[in-house]
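Peer 1: Residue numbers (this note's numbering), protein chains in the order written: chain A, 10 to 258; chain B, 1008 to 1206; chain C, 157 to 257.
Even for Gly, the Cβ is constructed at its ideal location relative to N, Cα and C.
1) Starting from residue 1099(B), trace the alpha helix (DSSP H) both ways and give me its first and last residue.
2) So with Cβ pairs under 8 Å, would you call residue 160(A) a contact of chain C?
3) Answer with yes or no whether the minimum CB distance from residue 1043(B) to chain A is below 8 Å.
4) Write down the C-beta distance between residue 186(A) and residue 205(C) rounded to the nearest angstrom, noting that I regard them as a contact closer than 8 Å.
5) Excluding the five sequence neighbours on either side, which residues of its own chain have a C-beta within less than 7 Å of the C-beta of residue 229(C), listed in chain order?
6) Assign residue 118(A) to one of three DSSP states: helix, strand, or coil.
7) Considering only the alpha carbon of each residue, which of 200(C), 199(C), 202(C), 234(C) lies closest to residue 215(C)?
8) Is residue 255(A) close to chain C, meaning its C-beta is less than 8 Å from at least one C-beta of that chain?
9) Any heavy atom of the ligand ATP closer than 7 Å to the beta-carbon of residue 58(A)?
10) Which first and last residues belong to the alpha helix (DSSP H) in which residue 145(A) is found?
11) Output, in chain order, the set of chain C residues within a Cβ distance shorter than 7 Å of residue 1095(B).
12) Short of 8 Å Cβ to Cβ, which residues in the region 233-250 of chain A face chain B?
13) Taking the alpha-carbon positions, what's the residue 186(C) to residue 87(A) distance?
14) Taking the runs of the beta strand (DSSP E) that are 3 residues or longer, which of them lie wholly in the region 29-101 of chain A?
15) Between the region 1046-1053 of chain B and the region 18-38 of chain A, are three or more C-beta pairs nearer than 8 Å?
16) In this structure, how does DSSP classify residue 26(A) when only helix, strand and coil are distinguished?
17) Beta-carbon of residue 1052(B) versus every beta-carbon of chain A: anything under 8 Å?
18) How would you call residue 40(A), buried or exposed, if buried means at least 16 neighbouring beta carbons within 10 angstroms?
19) Write down the C-beta distance between residue 80(A) and residue 96(A) rounded to the nearest angstrom, noting that I regard them as a contact closer than 8 Å.
20) Residue 45(A) and residue 1061(B) look like a contact to me (Cβ under 8 Å); what is the Cβ gap, rounded to whole Å?
21) Check this for me: beta carbons of residue 222(A) and residue 204(A), under 8 Å apart or not?
22) On the DSSP letters alone, give me the boundaries of the alpha helix (DSSP H) that residue 218(C) sits inside.
23) Of the residues 176(A), 43(A), 69(A), 101(A), which one's Cα is nearest the Cα of residue 115(A)?
24) What is the rounded straight-line gap between the Cα of residue 129(A) and the Cα of residue 51(A)?
25) Please state whether DSSP places residue 161(A) in a helix, a strand or coil.
26) How big is the Cα-Cα spacing for residue 1064(B) and residue 1074(B)?
27) Roughly how many angstroms lie between the CA atoms of residue 66(A) and residue 244(A), to the nearest whole one?
28) Measure the Cβ-Cβ separation of residue 240(A) and residue 110(A) and say whether it is below 8 Å.
29) What does a CB cutoff of less than 7 Å around residue 248(A) pick up in its chain, not counting 5 residues either side in sequence?
30) What's the gap between the Cα of residue 27(A) and the Cα of residue 159(A)?
31) Name, going along the chain, the residues of the region 31-48 of chain A whose beta-carbon falls closer than 7 Å to a beta-carbon of chain B.
32) Classify residue 1132(B) as buried or exposed, calling it buried when 16 or more other Cβ atoms lie within 10 Å of its own Cβ.
33) Can you name the residues of chain B whose CB is closer than 8 Å to the CB of residue 23(A)?
34) Using DSSP with H/G/I as helix, E/B as strand and the rest coil, what is residue 1041(B)?
35) Anyone know if the C-beta pair for residue 251(C) and residue 174(A) falls short of 8 Å?
36) Is residue 238(C) closer than 8 Å to residue 170(A) when the C-beta atoms are compared?
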């Protein structure tokens, strides 16, 4: 039973090629499909929201504007005046992750942010961007950051590798955080859902007791809605913080 | 110092919790064969490629088409609101100025009216006084003339009275005595009698 | 009466200007701390990921160097220790920023 249910729990993360052989040849699984769906959702939201372009906004337009201003304020407040240049990137990142998290909450759907390969690719992209920006803005002074201020030179051979590893661990921790949150949420959904199915097998008594796990799943759904936006926010704001360090002279 | 020990203790606690949590879950997940960690599967690495393409397209569409549109709408609105607020503020200032001007004008008008009224009253007063004086003068002269007339009349009446008295006396004396008295004597007597009575 | 009315107009104009950010107000700068997840569980989770990230990077680099230089677990041990230290450093930084907040 334990083995069976644990396989069930992880089954949802398995990738299957779509469009048969063509998908297999192009390595096109349902994951990119859901990415496209998420992107289309966000673009449709923005397109239909902003189509009236009214001075007095309707509800959808107001929502789109709130999204814009929220990310814009985050970028500019955190990074500083240079943040405006990175705003489209932060916006893309935030809404890609948010839409991925939320689209995965729909029943029978797939969460591409629950794949470490995807989250790490995004985190690594952020990491590369910060390194490139740092080198461009600070030049070789960037490497001076790896020597902590006021540390004794004898400790340098120990401290510098630690600082470098700490710097390199940023994309890893960034990706693991998002990945683990998403996986944990979906595994819990499945566990409680499997309880419901298990209890349903016991007849009327089971049906009555199945209300418990169902209620927990409803609560979990609320929690996951929160976690979904929170993790997207954490990812975006950490990107902003890293970029602030990069543009600081 | 206390803050640092507290920080270190919290950090250690958090680390212990986190590491034990992950140490319990991570190998378990790996042992059960998480599909996400199966990097031999071409589909797992394929999502990175597709993800990069999709993300890039998403970025391009957002940064070139969508976000400038939103920015334009927001900019227009803020421009409009700024303009409207400017208009409102200047209208308010104009209104305040107009009110102040109006009040000033009212005050000026009131002062002017007051001054004018005072002048008119003074003039009126003076004119009335002059008229009064004229009237008084005329009255005085009329009174004087009347007194003169009265005095003349009186004098005339008195002189006539003497004559009448003389005539009456003469007639009385004649009737009583039968002689015609001397007119001169009678006249003298009447004169003295009237002087005695101070008529 | 009229005075009162003009006062309220002033107030409304002011509030409208403030609402649209025309009046510059001093705003405390948003800083590194992420207020949202500050519960102990969330902190433990974050600390764990930071720690684990340091370890993964250290072990990865050590393993790669061993593989490349055909040494047996020498670099793996060194870099695992360094990576663990980096993880501790990460956690310390995390907790410090949270504490300062």
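Peer 2: The structure says:
1) 1074-1184
2) no
3) yes
4) 5 Å
5) 222
6) coil
7) 234(C)
8) no
9) The ligand ATP is absent from the structure shown, which contains no ligands of any kind.
10) 125-147
11) 169
12) none
13) Model confidence at residue 186(C) stands at a pLDDT of 43, short of 50, so the residue's coordinates are unreliable and nothing is read from them.
14) none
15) yes
16) strand
17) yes
18) buried
19) 7 Å
20) 6 Å
21) yes
22) 196-225
23) 43(A)
24) 22 Å
25) coil
26) 14 Å
27) 29 Å
28) yes
29) 99, 102, 135
30) 57 Å
31) 36, 37, 38, 40, 41, 44, 45, 48
32) exposed
33) 1042
34) coil
35) no
36) yes
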